[in-house]
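Position one of the sequence shown corresponds to residue 0 (numbering that gives the first Met the number 0), numbered consecutively onward. Report on one structure; see the data block that follows.
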Amino acid sequence: MLILARKINESIIIGDQIEISIIDIKGDQAKIGIKAPKNVKVYRLEVYEAIQQENKAAAMAEPGSIPELELLKKNKQKK
C-alpha cells in the first residue's frame, strides 16, 4: 500500500483520469473530493462490500424463490 501525506487543497492523481483532493480535515476525519469519469464507479468500502454481498446472495437465489418475481412473471404472461 502506498501511503501519502497531503494537506488541505492538495491532490493525488491516479492514472490519467482520477484526481483525489483533500477538501477539509477536522479531528480524525478528512473530507475528500474525487474527480473521475462517469464510467468509473466510486464507492465507500462499506457500501462496496454490501453491494458485493447482495450480488452473491442474488446469484445464489433459487429461481422462483422470490415471490414478487413469480407474481411479475404471471402478470406478464396474462397480457
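Cβ atoms here follow ideal geometry from the backbone N, Cα and C, with glycine treated the same way.
Just to confirm, is the Cβ distance from residue i to residue j under 7 Å?
i             : j          : result
isoleucine 17 : alanine 35 : yes
isoleucine 22 : glycine 32 : yes
Relative to the C-alpha of residue i, which candidate in the options has its C-alpha closest?
i            : options                    : result
lysine 30    : Lys40, Met0, Asn8          : Asn8
arginine 5   : Gly14, Val46, Ile19, Gly26 : Ile19
aspartate 15 : Arg43, Glu48, Val39, Glu67 : Val39
In angstroms, rounded to a whole number, what distance separates the CA positions of residue i and residue j?
i            : j             : result
alanine 57   : asparagine 74 : 22 Å
glutamine 28 : glutamate 69  : 46 Å
tyrosine 42  : glutamate 53  : 15 Å
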